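The structure appears right after this line, and notes come after that.
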Amino acid sequence: MMVGIRTRDLRKIYNSAPPFAAGAGSFVTATLGRKRQPKPQIVALDGLSLDVSPGEIFGLLGPNGAGKSTTVGILTTRVRPSSGQAWIGEHDVWQEPVAAKRLIGVVGQRPNLDFSLTAFEILTFHGAYFGLSAPERTDRARTLLDRFKLRDRADQLVRGFSGGMMQRLSIARAMMHDPQVLFLDEPSAGLDPQTRLLLWEIIREYNLGGKTVLLTTHNMEEADALCQRLAIVDHGRSIALGTPRELKASVPGGFLLRLRFGQHSDELLQKFQALSGVREVRATENNGADLYADRGGSLIPELANLAATARVELCDVHISEPSLENLFLHHTGRSLRES
Amino acid sequence: MNRKAFIAMLARDAHVARRNFVPLMLQTFLQPLMFVFVFGRVMVGSGYLPPEYKSLLLPGIMALSMVSAGIWSVAMPLIAEFQFTHEIEDRLLAPMDISWLAVEKVVAGMLQALAAGLTVIPAGWLLLRPGVELSLQTPFSFVLVAVLVALFSASGGLALGCSVGQAQVGLMFSMVVAPMIFFGCTYYPWSALTNFPILQKAVLLNPMVYASEGLRGTLVPQFPHLSLLAIVAGLASFNILFLVVGLRQFHRKAID
Chain A
29 MMVGIRTRDL
39 RKIYNSAPPF
49 AAGAGSFVTA
59 TLGRKRQPKP
69 QIVALDGLSL
79 DVSPGEIFGL
89 LGPNGAGKST
99 TVGILTTRVR
109 PSSGQAWIGE
119 HDVWQEPVAA
129 KRLIGVVGQR
139 PNLDFSLTAF
149 EILTFHGAYF
159 GLSAPERTDR
169 ARTLLDRFKL
179 RDRADQLVRG
189 FSGGMMQRLS
199 IARAMMHDPQ
209 VLFLDEPSAG
219 LDPQTRLLLW
229 EIIREYNLGG
239 KTVLLTTHNM
249 EEADALCQRL
259 AIVDHGRSIA
269 LGTPRELKAS
279 VPGGFLLRLR
289 FGQHSDELLQ
299 KFQALSGVRE
309 VRATENNGAD
319 LYADRGGSLI
329 PELANLAATA
339 RVELCDVHIS
349 EPSLENLFLH
359 HTGRSLRES
Chain B
14 MNRKAFIAML
24 ARDAHVARRN
34 FVPLMLQTFL
44 QPLMFVFVFG
54 RVMVGSGYLP
64 PEYKSLLLPG
74 IMALSMVSAG
84 IWSVAMPLIA
94 EFQFTHEIED
104 RLLAPMDISW
114 LAVEKVVAGM
124 LQALAAGLTV
134 IPAGWLLLRP
144 GVELSLQTPF
154 SFVLVAVLVA
164 LFSASGGLAL
174 GCSVGQAQVG
184 LMFSMVVAPM
194 IFFGCTYYPW
204 SALTNFPILQ
214 KAVLLNPMVY
224 ASEGLRGTLV
234 PQFPHLSLLA
244 IVAGLASFNI
254 LFLVVGLRQF
264 HRKAID
């Protein structure tokens, strides 16, 4: 039985500060009644619809505060949507939360291990909550501790674990009851590169068993390497959807040249637009311009010549190859890292 | 309800209590037993208090220990787990309606409160003997009152633990728990307040009064105490109130 995930028009408005992992969202001011009482509200999700196929590794890519964690929260029964619906397989998450919880395993963004228990006990008690028999629990816990290279620490309290060890144990715990759908909220945050590769391998392997995986990340490389399909999320909306390859191909030209000049000149930007291979030119802040083009370095001499002729100083050039970063920038005008 | 998950969570709490047995014992018993020793032994032995005070004091100390044990064991972990360690999330994600998790916390708290209360009797008796005259004339009433007191302590712990922020824990003890104990007829019977008529009426809003008077009425009925009917009605009403408030607050904390 393979299980998919669906959401329809999810909206979430926080009336107070959102939970830690949900980031900032965007502020609006609501007017209540006749008296104008400004009440700060935070729109975390603004009509998000997703359709994750059974057996797929699906990624939500976006900056902090885009609504990724809130989406995971709603799908995992921890955040009640203001409106809209969410399903795990056939089960409406907010009508049948217990049935939905039975199908999912969740790795949260912040560590939430049981500090009063040892690593081994964390896994076996988790198994017991899901009704595994005692021999099954012991067996699976041992296998997972081995797989996540935590065997030596099995009988220690997790209080003294490093961040990376806690993260590995959280993932092992989420897999303990062999859920059909695995949610991972920023799974590789704080992991060293080696452990990150181990994690990717484990996620791929888990997915090969027919399991659905939904992960959130603001790391392009991870999204590109791991996800079969991606939704790019910003301000609580999905702004692009497709395979990493499709998404990258959807950026005009693919290459992005970020330029900065001594002064602003519309005339110069128009001349750039006429160069062969240049698809789109956008003026940016601080006398800058973004050029989307189907070639990169070979454009530089022409750009420099045009600038020199127009007596505009070219201060800075940055070329990036086709990437999800460029895609995000193209859709939002902001870089993932700076937002 | 998912029986397996519920029992697994009780087992988890029992396991953690076993692991923390020594600090838990010190936390629960040190203060009440010192009180028993100073007031029941030193003060009585040196003639400042009459010998009967020993018997009067013991049920009050039992109520105090039960209520502290219940509130501590439910409220403190909830405050930490919801706000700081987030440990509770794994249990919130278990395939069971989350209200049952709150109920499990209450059941675990009740068991700890009962264990604390039943330990105080022999411990206090050993410290105070001779001269403690306990007379368990109506065992059924005693069991009923003890269970209601345990439920009061655990449901009170649920309501407090889900309403108080981490920053206000100190305030919770000095503003809620301490006045509740001192004005809770733990160290004196309710009838001793006859000369303070306003206070005597006002303390009836304190659930602790029914706990102390209830245990006094069923363990040392030779002293004046509130009627059993008033005690059971008082405890039952507060228990329902705390459970309703506690469950509502628990849902608010558990779901954003």
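If you read the sequences in order, they're chains A and B.
192 is the number that this note's numbering gives to position 164 of the first sequence; each next residue is one higher, with no gaps.
262 is the number that this note's numbering gives to position 249 of the second sequence; each next residue is one higher, with no gaps.
Glycine included, C-beta positions come from ideal geometry on N, C-alpha and C.
A quick note: this is a predicted structure, and the numbers were derived from the prediction, not measured.
Problem set entry | Residue from A:GLY133, A:LEU331, A:SER190, A:LYS177 whose Cα sits closest to the Cα of PHE143 (chain A) | In the first sequence, residue 143 (chain A) corresponds to position 115, counting from 1. Ranking the options by Cα distance to PHE143 (chain A), first place goes to A:SER190.
Exercise. Secondary structure at HIS115 (chain A), three-state DSSP: helix, strand or coil?
Worked result: Locating residue 115 (chain A) in the first sequence gives position 87, counting from the first residue. Here residue 115 (chain A) turns out to be Trp, not His, going by the sequence shown. If DSSP states are grouped into helix, strand and coil, TRP115 (chain A) belongs with the strands.
Problem set entry | Pick from B:VAL177, B:MET22, B:LEU139, B:HIS99 that is closest to PRO108 (chain B), judged by C-alpha positions | To locate residue 108 (chain B), count along the second sequence from 1; it is residue 95. Here the closest residue by C-alpha is B:MET22.
For this session: Report yes or no: is there a C-beta of chain B within less than 7 Å of the C-beta of VAL134 (chain A)?
Result: Here the question's residue 134 (chain A) lines up with position 106 in the first sequence. Yes - at least one Cβ of chain B is within 7 Å of the one on VAL134 (chain A).
Problem set entry | Spatial neighbours of ARG32 (chain B) in its chain, beta-carbon cut-off 6 Å, leaving aside the 5 residues before and after | Here residue 32 (chain B) refers to the residue found at position 19 when the second sequence is read from its first residue. Within the same chain, ARG32 (chain B) has no close Cβ partners at all.
For this session: From the DSSP output, in three-state form, read off VAL145 (chain B) for me.
Result: As a position in the second sequence, residue 145 (chain B) is number 132, starting the count at 1. Here DSSP, grouped into helix, strand and coil, assigns VAL145 (chain B) to coil.
For this session: Could you pull out every residue in the same chain whose Cβ sits closer than 7 Å to the Cβ of GLY90 (chain A), ignoring the five residues on either side in sequence?
Result: Along the first sequence, one-based indexing puts residue 90 (chain A) at 62. Only LYS96, HIS246, ILE260, VAL261, ASP262 meet the Cβ criterion.
For this session: Grab me the residues of TYR234 (chain A)'s own chain with a C-beta within less than 8 Å of its C-beta, minus the 5 sequence neighbours each way, in chain order.
Result: Numbered from its first residue, the first sequence carries residue 234 (chain A) at position 206. Contacts found: MET203, LEU210, VAL241.
Exercise. Roughly how many angstroms lie between the CA atoms of HIS359 (chain A) and PRO109 (chain A), to the nearest whole one?
Worked result: Here residue 359 (chain A) refers to the residue found at position 331 when the first sequence is read from its first residue. Here residue 109 (chain A) refers to the residue found at position 81 when the first sequence is read from its first residue. The C-alpha of HIS359 (chain A) lies about 26 Å from the C-alpha of PRO109 (chain A).
For this session: For GLU94 (chain B), name the three-state secondary structure that DSSP assigns.
Result: Working through the second sequence from its first residue, we reach residue 94 (chain B) at position 81. If DSSP states are grouped into helix, strand and coil, GLU94 (chain B) belongs with the helices.
For this session: Would you grab the beta carbon distance between ARG39 (chain A) and GLN113 (chain A) for me? Rounded to a whole angstrom, and I think it's under 8 Å.
Result: Locating residue 39 (chain A) in the first sequence gives position 11, counting from the first residue. Locating residue 113 (chain A) in the first sequence gives position 85, counting from the first residue. Between ARG39 (chain A) and GLN113 (chain A) the beta-carbon gap is near 11 Å, outside 8 Å, which marks them as no contact.
For this session: Give the DSSP-derived three-state secondary structure of LEU23 (chain B) in the structure shown.
Result: In the second sequence, the residue the question calls residue 23 (chain B) occupies position 10. Of the three classes helix, strand and coil, the one that applies to LEU23 (chain B) here is helix, per DSSP.
Problem set entry | Strand pairing of ILE132 (chain A), partner residues [DSSP] | Locating residue 132 (chain A) in the first sequence gives position 104, counting from the first residue. Per DSSP, A:VAL209.
Problem set entry | Residue range of the alpha helix (DSSP H) that includes THR167 (chain A) | As a working mapping, residue 167 (chain A) is identified with position 139 in the first sequence. For the sequence presented, residue 167 (chain A) should be read as Asp rather than Thr. Segment 162 to 175, the alpha helix (DSSP H) holding ASP167 (chain A).
Exercise. Got a sec? Which residues, its chain only, sit under 7 Å from LEU352 (chain A) by beta carbon, not counting five neighbours each side?
Worked result: Numbered from 1 along the first sequence, position 324 holds the residue referred to as residue 352 (chain A). Cβ contact annotation for LEU352 (chain A) (same chain, cutoff 7 Å, sequence separation greater than five): LEU89, MET248, ALA251, ASP252, PRO272, LEU275, LYS276, in chain order.
For this session: Tell me where the alpha helix (DSSP H) around ASP252 (chain A) begins and ends.
Result: For the purposes of this step, residue 252 (chain A) is identified with residue 224 of the first sequence, where counting begins at 1. Unbroken alpha helix (DSSP H) run through ASP252 (chain A): 248 to 254.
For this session: Kindly indicate which three-state DSSP category GLN291 (chain A) falls into: helix, strand or coil?
Result: Taking the first sequence and counting its residues from 1, one reaches residue 291 (chain A) at position 263. Three-state DSSP puts GLN291 (chain A) in coil, outside helix and strand.
Problem set entry | Outcome for TYR223 (chain B) when other beta-carbon atoms lying within 10 angstroms are tallied against a minimum of 16 | On the second sequence, position 210 is the one that residue 223 (chain B) refers to. It is buried - the Cβ of TYR223 (chain B) has at least 16 other Cβ atoms within 10 Å.
For this session: Alpha carbon to alpha carbon, how far is SER225 (chain B) from VAL133 (chain B)? Give it in angstroms, no decimals.
Result: Within the second sequence, the letter at position 120 stands for residue 133 (chain B). Within the second sequence, the letter at position 212 stands for residue 225 (chain B). Taking the straight line from one Cα to the other gives about 14 Å.
Exercise. Do the region 155 to 162 of chain B and the region 125 to 144 of chain B make contact, defined as three or more Cβ pairs closer than 8 Å?
Worked result: Taking 8 Å as the limit for Cβ pairs, the verdict is that the region 125 to 144 of chain B does touch the region 155 to 162 of chain B.
Problem set entry | Per-residue burial, ARG106 (chain A) [other beta carbons within 10 Å of its own, 16 or more giving buried] | Translated into the one-based positions of the first sequence, residue 106 (chain A) becomes position 78. Around the beta carbon of ARG106 (chain A), 16 or more other beta carbons sit within 10 angstroms, so the residue counts as buried.
For this session: Compute the Euclidean distance between the alpha carbons of GLN213 (chain B) and ALA182 (chain A), then round it to the nearest angstrom.
Result: If you number the second sequence from 1, residue 213 (chain B) lands on position 200. If you number the first sequence from 1, residue 182 (chain A) lands on position 154. Here the alpha carbons of ALA182 (chain A) and GLN213 (chain B) stand approximately 57 Å from one another.
For this session: Count the other C-beta atoms from every protein chain shown that fall within 10 angstroms of the C-beta of SER118 (chain B), then say buried if there are 16 or more, exposed otherwise.
Result: Here residue 118 (chain B) refers to the residue found at position 105 when the second sequence is read from its first residue. Here residue 118 (chain B) is Lys; the residue named in the question, Ser, does not match the sequence. Result: buried.
For this session: Report yes or no: is there a C-beta of chain A within less than 7 Å of the C-beta of ASP26 (chain B)?
Result: Position 13 of the second sequence, counted from the start, is the residue given in the question as residue 26 (chain B). At a cut-off of 7 Å, the C-beta of ASP26 (chain B) has no neighbouring C-beta in chain A.
Exercise. Quick one: does LEU106 (chain B) have its CB under 7 Å from some CB of chain A?
Worked result: Along the second sequence, one-based indexing puts residue 106 (chain B) at 93. The beta-carbon of LEU106 (chain B) is placed less than 7 Å from the nearest beta-carbon of chain A.
Exercise. Using DSSP with H/G/I as helix, E/B as strand and the rest coil, what is ALA30 (chain B)?
Worked result: The residue labelled residue 30 (chain B) in the question sits at position 17 within the second sequence. Here ALA30 (chain B) sits in helix by DSSP.
Exercise. Is it a yes or a no for the region 54 to 74 of chain B touching the region 133 to 152 of chain B, going by three-plus beta-carbon pairs under 8 Å?
Worked result: Contact between the region 54 to 74 of chain B and the region 133 to 152 of chain B is established, with three or more Cβ pairs separated by less than 8 Å.
Problem set entry | Neighbourhood of MET185 (chain B) by C-beta distance below 7 Å, restricted to the same chain and skipping five residues each side | Along the second sequence, one-based indexing puts residue 185 (chain B) at 172. Cβ within range, chain order: LEU173, VAL177.
For this session: Return the bridge partner residues of VAL309 (chain A) from the DSSP annotation.
Result: Locating residue 309 (chain A) in the first sequence gives position 281, where the first residue counts as 1. Residue pairing by DSSP places VAL309 (chain A) opposite A:LEU319 in a beta bridge.
Exercise. Going by the CB atoms, is the gap between LEU228 (chain B) and ALA18 (chain B) shorter than 7 Å?
Worked result: In the second sequence, the residue the question calls residue 18 (chain B) occupies position 5. In the second sequence, the residue the question calls residue 228 (chain B) occupies position 215. Contact check for ALA18 (chain B) against LEU228 (chain B) fails: the beta carbons are separated by 7 Å or more.
Exercise. With 16 other CB atoms within 10 Å as the buried threshold, where does ARG362 (chain A) fall?
Worked result: Numbered from its first residue, the first sequence carries residue 362 (chain A) at position 334. Its Cβ having fewer than 16 others within 10 Å, ARG362 (chain A) is exposed.
Exercise. Taking Cβ-Cβ distances shorter than 7 Å, what residues in chain A pair up with VAL120 (chain B)?
Worked result: Translated into the one-based positions of the second sequence, residue 120 (chain B) becomes position 107. Going along chain A, no residue has its Cβ under 7 Å from VAL120 (chain B), so there is no contact; the nearest lies around 16 Å.
Exercise. Quick one: which chain B residues come within Cβ less than 7 Å of HIS154 (chain A)?
Worked result: Taking the first residue of the first sequence as 1, we reach residue 154 (chain A) at position 126. Correct list: ASP103.
Exercise. If you run the structure through DSSP and keep just helix, strand and coil, what is PRO109 (chain A)?
Worked result: Here residue 109 (chain A) is taken as the residue at index 81 of the first sequence, counted from 1. Looking at PRO109 (chain A) - three-state DSSP - the assignment turns out to be coil, as it is neither helix nor strand.
Problem set entry | Status (buried if at least 16 other CB within 10 Å, exposed otherwise) for SER86 (chain B) | For this step, residue 86 (chain B) is matched to residue 73 along the second sequence. Buried.
Problem set entry | Euclidean distance between Cα positions of ASP318 (chain A) and LYS129 (chain A) | Counted from its first residue, the first sequence places residue 318 (chain A) at position 290. Counted from its first residue, the first sequence places residue 129 (chain A) at position 101. Between ASP318 (chain A) and LYS129 (chain A), the C-alpha separation is close to 46 Å.
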